[in-house]
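Visitor:
Numbering (my numbering), first residue to last: 4 to 116.
1) Keeping to the same chain, check which residues put their C-beta closer than 7 Å to that of residue 111; ignore five residues upstream and five downstream.
2) State yes or no: is the beta carbon of residue 22 nearer than 8 Å to at least one beta carbon in chain D?
3) Report all residues from its chain with a CB closer than 6 Å to the CB of residue 103; omit the five preceding and five following residues, and keep chain order.
4) Around the Cβ of residue 105, are there at least 16 other Cβ atoms within 10 angstroms (buried) or fewer (exposed)?
5) Please confirm if the segment 22-32 is in contact with the segment 60-74, defined as three or more CB-CB distances below 8 Å between the two stretches.
6) My understanding is that residue 83 touches residue 72, with C-beta atoms under 8 Å, so please give their C-beta distance in whole angstroms.
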């Protein structure tokens, strides 16, 4: 399994995320806009857009599971991770390849209306 150490967290691969998500060990937080989330997201992910910093901090403070952040390509997830780290001291992980990589790999997407 591949993972890279990042400042304050780790980049976790799709292969690492899937079994841990199914075992309810992690919570995937999708920080894209709600219309992007509705069009296709990782099953079980929650959507908190990156600009809703207070909600992200509240989640980080109340959630016991490890958090894995994702967006379409990475920048928004990095911003959200930095905010969480600065405000709570909690390290969070980022999905390596983010949603664009998830889609390229042909992995399943959930859609909501």
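We put the beta carbon where it would ideally sit given N, CA and C, even for glycine.
Guide: Short version:
1) Within the chain shown, numbered from 1, the residue matching residue 111 stands at position 108. 46.
2) No chain D is part of this structure, which consists of one protein chain only.
3) The residue given as residue 103 occupies position 100 in the chain shown. Once the five neighbours on either side are set aside, the close Cβ partners of residue 103 are 75 and 76.
4) Working through the chain shown from its first residue, we reach residue 105 at position 102. Residue 105 should be labelled buried.
5) The segment 22-32, when compared against the segment 60-74, does touch it at the 8 Å Cβ threshold.
6) The residue given as residue 83 occupies position 80 in the chain shown. The residue given as residue 72 occupies position 69 in the chain shown. Sure, about 5 Å apart at Cβ, within 8 Å.
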